[in-house]
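Just below is one structure, and these are the notes that go with it.
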Amino acid sequence: MILHKIGAACFSLVLLASCSKVTDTPTDTQNTTVPQTTSAAETSDATTASSAVSSAASTESGIQTDTPTNTEIDPDLFSNASDGADVTVSDGNIYEQKTINGQNYSLTIDLTKWEHNTNTEQIKILSQLFWQCYPRMYERFHDLSNPPTDVILAIENESYEVAEAYDNHIHLHDMWLRGNTEDFDCITHELAHIIQADWNDEYLEYSSYIERFADLCRYEYAMNDGFYNDANWTLQTIYEEDDRSESVRFLVWLDHVYSDANTDIIRNYFNVCRNMMFTSDQWDKAWEQIFAGTQLSGKTIDEVWDMFADSDFAYCSSYGNYGGTSELLGKYPVREKLKSLNR
């Protein structure tokens with residue numbers, strides 16, 4: 019979920035320690051609240067189990083209510099989150115700073131509203147995720163949107179949203195990882211919203227493109243090559259997402275098949291979406307610009323969608339069991355290609 023507006027400044031991430039159940043739907047894959055009764059599954063294809071925040075005396079749909087473990091903050095625990103990062107723990111915050119390829123990045127984990135439902139090992143993994151994912155996304159898109167280099171991740175036991183992003187700030191509900199213990203890449207999705215730096219939906223063919231781009235990044239930049247993500251959150255096939263307003267997989271296909279060392283079709287897409295080049299009724303021309311300079315140049319968006327629909331890429335399973343290779347990645351090494359292109 020994204021809240022307006024995302025600013026552009028330094029590169030830092032603050033993690034506030036409170037986590038509750040966040041979910042993604044096909045329309046907004048992380049715009050799910052954490053009600054006291056139920057909440058929707060946070061996945062592009064609704065493969066993450068739904069759950070609810072129940073009373074302290076019970077559990078419901080995976081939300082645990084027993085006393086969490088590993089809640090004391092040990093600075094040494096975070097010292098290895100990223101090789102070479104400076105780590106300081108002070109006043110309820112964990113502050114990490116590092117320079118990568120000449121760019122200064124910082125991550126602040128704000129625990130001032132943390133109620134210890136997210137354990138410290140999980141917080142450390144979120145720290146590692148930031149250093150793996152955000153610098154790569156930043157380097158790929160920053161010149162198009164001027165996103166912040168200082169990011170705040172707040173883990174807070176408040177707000178009914180599972181996760182949301184605005185300016186350089188991310189909220190993660192303190193109960194979410196307690197009941198969904200490995201859904202770390204919900205934060206990859208939110209980091210992508212920070213990279214977007216406030217797309218204006220009046221200039222998008224469909225407003226859903228805001229969430230679909232964040233889902234694309236969740237898949238392509240998933241932590242540890244999708245070790246956690248692919249076992250818990252998968253790309254829907256064309257059977258479930260059968261048009262371009264909904265399909266994350268279509269964007270992944272475009273990027274994998276038609277981006278190369280000289281052309282980045284997703285940067286073209288990002289540029290058109292971010293910089294308000296076409297109103298929503300002018301997107302036939304927008305797609306022409308996105309395809310320009312690629313093997314798709316001269317084709318209409320409907321022709322390109324039909325090419326996607328005829329490919330087995332649209333149907334292969336993207337499920338991978340904790341380090342296993344999915345059917346999709348076995349045929350199309352999406353993440354390996356991105357790394358080979360330094361993206």
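The working numbering numbers the first residue of the sequence shown as 19 and each following residue consecutively.
Think of the CB as a built atom: it goes at the ideal place given N, C-alpha and C, for glycine as much as any other residue.
Nearest in C-alpha terms to Asn-242, of all of Gln-150, Asp-261, Asp-185, Gly-120, is Gln-150. In this chain, the alpha helix (DSSP H) harbouring Leu-272 covers 266-276. Spatial neighbours of Ala-279 in its own chain (CB-CB distance under 7 angstroms, excluding positions within 5 residues in sequence) are listed in chain order as Leu-359.
Around the beta-carbon of Gln-214, 16 or more other beta-carbon atoms lie within 10 Å, marking it buried. The residues Ile-91, Pro-93, Phe-96, Tyr-113, in chain order, have a CB closer than 8 angstroms to that of Val-107 in the same chain once the five nearest residues on each side in sequence are set aside. For the pair Ala-232 and Gly-338, the CB atoms are not nearer than the 8 angstroms cut-off.
The three-state reading of DSSP puts Gln-115 in strand, counting E and B together.
The beta carbon of Asn-119 sits closer than 7 angstroms to the beta carbons of Glu-157 from its chain, once the five residues preceding and following it are set aside; these are given in chain order. Taking one beta carbon from each stretch, the segment 299-309 and the segment 271-290 have 3 or more pairs nearer than 8 angstroms; the two touch. With a cutoff of 8 angstroms on beta-carbon distance, Arg-230 and Val-266 are scored as near each other. If you draw a straight line from the Cα of Trp-271 to the Cα of Gly-348, it comes to about 14 angstroms.
Residue pairing for Ser-336: DSSP places it in no beta bridge. Excluding residues up to 5 positions away in sequence, Thr-255, Ile-256, Tyr-257 lie with their Cβ nearer than 8 angstroms to the Cβ of Tyr-333 in the same chain.
Across the structure, Ser-100 and Tyr-246 are spaced so that their CA atoms are roughly 19 angstroms apart.
Between the alpha carbons of Ile-283 and His-207 lies a gap of roughly 20 angstroms. Restricting attention to His-134, Lys-142, Ile-319, Asn-137, the CA atom closest to the CA of Leu-125 is found in Lys-142. Of all C-beta pairs linking the segment 210-226 to the segment 159-167, three or more are shorter than 8 angstroms, placing the two stretches in contact. According to the DSSP assignment, Ile-173 belongs to no alpha helix (DSSP H) but to the beta strand (DSSP E) extending over 168-174. Note that the C-beta distance between Arg-353 and Gly-197 is not below 8 angstroms. Of the candidates Val-180, Pro-153, Gly-102, Pro-153 places its Cα closest to the Cα of Tyr-239. The beta carbon of Arg-361 is closer than 6 angstroms to those of Arg-158 in its chain, skipping five residues each way along the sequence. Straight-line spacing of the CA atoms in Ser-226 and Ala-210 works out to 14 angstroms. Between the alpha carbons of Thr-136 and Thr-199 lies a distance of about 9 angstroms. In this chain, Leu-147 is not harboured by any beta strand (DSSP E); it is covered by the alpha helix (DSSP H) spanning 138-163.
Judged by their CB atoms, His-191 and Val-180 are nearer to each other than the 8 angstroms cut-off. Annotation: Asn-122 is outside any alpha helix (DSSP H); the continuous beta strand (DSSP E) that includes it extends over 121-128. The straight-line gap separating the alpha-carbon atoms of Leu-346 and Trp-251 is approximately 14 angstroms. Our two residues, Asp-201 and Ala-304, have alpha carbons roughly 34 angstroms apart in a direct line.
The beta carbon of Thr-117 is closer than 6 angstroms to none in its chain, skipping five residues each way along the sequence. Between the C-alpha atoms of Glu-176 and Ala-183 there is a straight-line separation of about 15 angstroms.
Distance from the Cα of Thr-281 is smallest, within the candidate group Asp-261, Asp-260, Glu-264, Gln-313, for Gln-313. Closest in alpha carbon position to Ser-277, among Ser-315, Phe-148, Ala-327, Leu-253, is Ser-315.
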